[in-house]
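Inspection log for the structure reproduced underneath, given as structure tokens.
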Amino acid sequence: LHSRNAKLRLFFRGCELTKNGHTLATLGMWKSGHTVLFSIARPEVEGDGQKPIIKPYDSLECPKPLARALNQVQRALEYGLVPKLALDGTGGTYFMNDMRKRTVGCFKPQDEEPLACNNPRGMVGQVSGL
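Under this note's numbering, think of the first position of the sequence shown as 62, with each following residue one higher.
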């Protein structure tokens, strides 16, 4: 999220949600409390004045509460707020606050899990059965 612009893909239960494929409803997301995963990638070319972008991948329609949360995260990023690393845990879990300091989102980069290459807690290595 430190890039000026991002491409975002949305995943739920290991399936990517796409315009012509899976939706939150077809994957069984009917109530709150589910975890939705976002895949963020740095754009190929970054220009001056670009703003961070966070949105569902492609033109996926999402539930209104999720759309509101994404909008709050987008505004916070544009305002210059950055996600904060959780105090506990062995991997990278980040919380995003809005301008009122309320938590509006949480994410876990896959490459920051324990033993992954970008683990923010120094737990970098390889899993070994020996």
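Glycine is no exception: its CB is placed at the ideal position from the N, C-alpha and C atoms.
query = In three-state DSSP terms, what is residue 145?
reply = strand
ask   = Count the other CB atoms within 10 Å of the CB of residue 107; is the residue buried (16 or more) or exposed (fewer)?
value = The predicted position of residue 107 is uncertain, since its pLDDT is 48 and thus under 50; no value can be drawn from it.
inquiry  = Quick check on this structure: which residue in 174, 149, 168 and 162 has the alpha carbon closest to the alpha carbon of residue 115?
reply    = 168
request  = Can you tell me which of 123, 126 and 133 puts its alpha carbon nearest to the alpha carbon of residue 160?
outcome  = The shortest C-alpha separation from residue 160 is found at 133.
ask   = For residue 213, which residues of its own chain have a beta-carbon under 7 Å away from its beta-carbon, when the five flanking residues on both sides are left out?
value = There is simply no residue 213 to check, as the chain begins at 62 and stops at 191 in what is shown.
Pick from 163, 147 and 131 that is closest to residue 173, judged by C-alpha positions = 147
key: Integer Cβ distance of residue 186 from residue 170, believed to fall under 8 Å   = 17 Å between Cβ atoms; not a contact.
query = In whole angstroms, what separates the C-alpha of residue 87 from that of residue 180?
reply = 33 Å
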